[in-house]
Amino acid sequence: MKRMVFLLAVLGTLLSGCGAPAPGGSASSTPQEGSSAQEELPNTEGENSVPLEEDPEPELSSGRDSIPFTGDQLYAAAYLGFEEMEDLSYYTQRYLDSGDLPIHYFSPGEYYLIIPRYPDMSLALYKNDIQTGQPALVYEDPACEPFLIQCNISDIFSDVTVELAYQGETVSFSPYISLKDGSVQVGERGLDLSRSGG
Numbered sequence: 000m001k002r003m004v005f006l007l008a009v010l011g012t013l014l015s016g017c018g019a020p021a022p023g024g025s026a027s028s029t030p031q032e033g034s035s036a037q038e039e040l041p042n043t044e045g046e047n048s049v050p051l052e053e054d055p056e057p058e059l060s061s062g063r064d065s066i067p068f069t070g071d072q073l074y075a076a077a078y079l080g081f082e083e084m085e086d087l088s089y090y091t092q093r094y095l096d097s098g099d100l101p102i103h104y105f106s107p108g109e110y111y112l113i114i115p116r117y118p119d120m121s122l123a124l125y126k127n128d129i130q131t132g133q134p135a136l137v138y139e140d141p142a143c144e145p146f147l148i149q150c151n152i153s154d155i156f157s158d159v160t161v162e163l164a165y166q167g168e169t170v171s172f173s174p175y176i177s178l179k180d181g182s183v184q185v186g187e188r189g190l191d192l193s194r195s196g197g
């Protein structure tokens with residue numbers, strides 16, 4: 000037992016020396032946080048050293064880049080189920096960078112995932128009053144990210160209006176399930192990503 004402890008102590012000491020800086024050098028070959036990706040190389044003409052930029056790292060594509068938007072579509076929407084969400088992980092893995100999505104509750108009804116096409120779109124959510132028919136602003140976001148809404152407790156009345164604005168253009172829609180054919184309705188400027196529709 001004492002030999003084992005001694006061997007582990009020796010091994011730990013040897014391994015801790017592997018990362019020690021060499022005289023006049025640094026243990027790390029990666030750039031320090033906040034430093035640029037430049038490397039100083041000597042100029043062969045004897046003048047001051049000349050910075051040489053390394054090849055930039057390729058940008059990682061966003062999950063949103065895989066959404067098959069066409070033409071003037073400004074958002075995508077997917078129906079996720081009534082009173083309980085289904086297949087949210089399918090959409091987050093395929094189209095989003097994170098499953099951490101805000102949920103806006105309007106009524107215990109249908110769940111929808113809304114994904115703005117551009118990251119700098121603004122959002123306004125309105126609750127539609129079934130008595131007066133008047134919408135009331137309940138939420139605004141100047142830089143909208145994907146989100147979830149639960150709405151439409153009634154089959155005959157959409158109790159939410161989603162308003163998205165981009166570069167001076169504003170579009171509004173109320174997602175719902177058509178009583179005529181059961182299709183998901185996401186508005187003229189939207190892409191239906193629902194597994195049954197998209």
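Read in order, the letters of the sequence shown are residues 0 to 197 in numbering that gives the first Met the number 0.
All C-beta atoms, glycine included, are put in the ideal place defined by N, C-alpha and C.
The structure presented is a predicted model; accordingly, all values stated were derived computationally and were not measured.
Identified DSSP bridge partners for residue i
{"i": "residue 136", "result": "125"}
{"i": "residue 76", "result": "113, 191"}
{"i": "residue 102", "result": "147"}
{"i": "residue 176", "result": "183"}
{"i": "residue 69", "result": "The partner list for residue 69 (beta bridge, DSSP) is empty, contrary to what the question assumes."}
{"i": "residue 162", "result": "123, 171"}
For residue j and residue i, believed in contact at Cβ under 8 Å, the rounded distance
{"i": "residue 158", "j": "residue 142", "result": "Going by Cβ atoms, the distance from residue 158 to residue 142 rounds to 25 Å, so no, they are not a contact pair."}
{"i": "residue 124", "j": "residue 161", "result": "6 Å"}
{"i": "residue 138", "j": "residue 114", "result": "Actually they are not in contact, since the Cβ atoms of residue 138 and residue 114 sit about 17 Å apart, beyond 8 Å."}
Residues of its chain near residue i, where Cβ-Cβ distance is below 7 Å and the 5 sequence neighbours each way are ignored
{"i": "residue 105", "result": "126, 148, 149, 150, 158, 159"}
{"i": "residue 110", "result": "79, 80, 84, 147, 149"}
{"i": "residue 185", "result": "76, 172, 174, 191"}
Residue nearest to residue i in terms of C-alpha spacing, selected from the options
{"i": "residue 72", "options": "93, 164, 134, 137", "result": "164"}
{"i": "residue 177", "options": "134, 169, 154", "result": "154"}
{"i": "residue 152", "options": "169, 117, 175, 90", "result": "175"}
{"i": "residue 122", "options": "172, 184, 182, 87", "result": "172"}
Chain-order list of residues whose beta-carbon lies under 8 Å from that of residue i (same chain, five-residue window excluded)
{"i": "residue 156", "result": "127, 129"}
{"i": "residue 116", "result": "63, 66, 68, 72, 73, 74, 75, 165"}
{"i": "residue 134", "result": "125, 126, 127, 128, 160"}
Residues near residue i in its chain [Cβ-Cβ closer than 6 Å; skip 5 each side]
{"i": "residue 90", "result": "77, 112"}
{"i": "residue 56", "result": "With a pLDDT of 42 at residue 56, under the threshold of 50, the modelled position of this residue cannot be trusted; read the value that follows with caution. Nothing meets the Cβ criterion."}
Check your understanding: Below 8 Å, can you find three or more Cβ-Cβ pairs linking the segment 101 to 114 to the segment 132 to 148?
Key -> Touching, yes, given that three or more Cβ pairs across the two stretches are closer than 8 Å.
Practice item. Pair every Cβ in the segment 186 to 195 with every Cβ in the segment 60 to 78, then say whether three or more of these pairs are closer than 8 Å. Key: Contact between the segment 186 to 195 and the segment 60 to 78 is established, with three or more Cβ pairs separated by less than 8 Å.
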